[in-house]
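Visitor: Dumping the structure here so I can ask a few things about it.
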Amino acid sequence: MFAEIPSYLPWALTAGALALLVIQGVAQGRQIRQLKASLKDRCDTLGRELHATTSGSVGVGQRLVACERQLHELRTTLDEMRQNDPLRISYDEASRLVDLGADIDDLMNTCGISRPEAELVSALKRRQAA
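So for the sequence shown, UniProt numbering puts the first residue at 1; every next one is plus one.
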């Protein structure tokens with residue numbers, strides 16, 4: 001009924017199983033090395049891209065700071081020009097006098113502006129009041 005198992009069969013099966021394990025280990029080792037190399041290449045690429053991005057961001061930041069500084073200087077200069085503008089002072093004074101009830105001739109004599117300018121200031125103040 002049962003045939004006798006040869007004595008070399010367990011050793012042969014064990015050797016075959018060990019050979020398959022070694023082959024699988026070698027294949028997985030090769031696959032792991034390929035994945036490591038791929039991962040290293042990807043990390044290097046990402047590192048270069050990150051460096052380029054941060055370098056660009058720093059350059060943009062520096063340009064932004066320079067633009068903000070220039071804008072501040074221009075605003076300061078514009079404010080100084082507005083404060084020192086003799087015509088603006090005349091128009092401000094004329095506007096104040098219109099509020100107090102001055103007529104066009106009074107505006108011309110007091111503020112040193114022409115008749116059309118005095119009429120314009122008077123018309124604008126009346127329009128604002130309406």
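Beta carbons: idealized from backbone N, C-alpha and C, even for Gly.
Would you grab the beta carbon distance between T110 and L97 for me? Rounded to a whole angstrom, and I think it's under 8 Å.
Guide: Against the sequence shown, residue 110 aligns to sequence position 110. Against the sequence shown, residue 97 aligns to sequence position 97. 6 Å between Cβ atoms; contact.
Visitor: Report yes if the C-beta distance between V121 and Y91 is below 8 Å; otherwise report no.
Guide: Along the sequence shown, read from residue 1 onward, the residue named residue 121 stands at position 121. Along the sequence shown, read from residue 1 onward, the residue named residue 91 stands at position 91. In this structure, Y91 lies closer than 8 Å to V121 by Cβ.
Visitor: Tell me which same chain residues have a C-beta within less than 8 Å of the C-beta of D99, skipping the five on either side of it?
Guide: Taking the sequence shown and counting its residues from 1, the one referred to as residue 99 is at position 99. Excluding residues within five positions, the ones whose Cβ falls inside 8 Å are K125.
Visitor: For the alpha helix (DSSP H) holding L122, just list the boundary residues, first then last.
Guide: As a working mapping, residue 122 is identified with position 122 in the sequence shown. Note that residue 122 is Ser in the sequence shown, not Leu. Segment 115-129, the alpha helix (DSSP H) holding S122.
Visitor: Starting from I104, trace the alpha helix (DSSP H) in both directions and tell me its first and last residue.
Guide: Indexing the sequence shown from 1 puts residue 104 at position 104. Per DSSP, I104 belongs to the alpha helix (DSSP H) from 104-111.
Visitor: Comparing alpha-carbon positions, which option in G101, P116, S114, A118 lies nearest A129?
Guide: Here residue 129 refers to the residue found at position 129 when the sequence shown is read from its first residue. The option with the nearest alpha carbon to A129 is G101.
Visitor: Are L107 and A94 closer than 8 Å when you measure CB to CB?
Guide: Within the sequence shown, the letter at position 107 stands for residue 107. Within the sequence shown, the letter at position 94 stands for residue 94. The answer is yes: Cβ separation under 8 Å.
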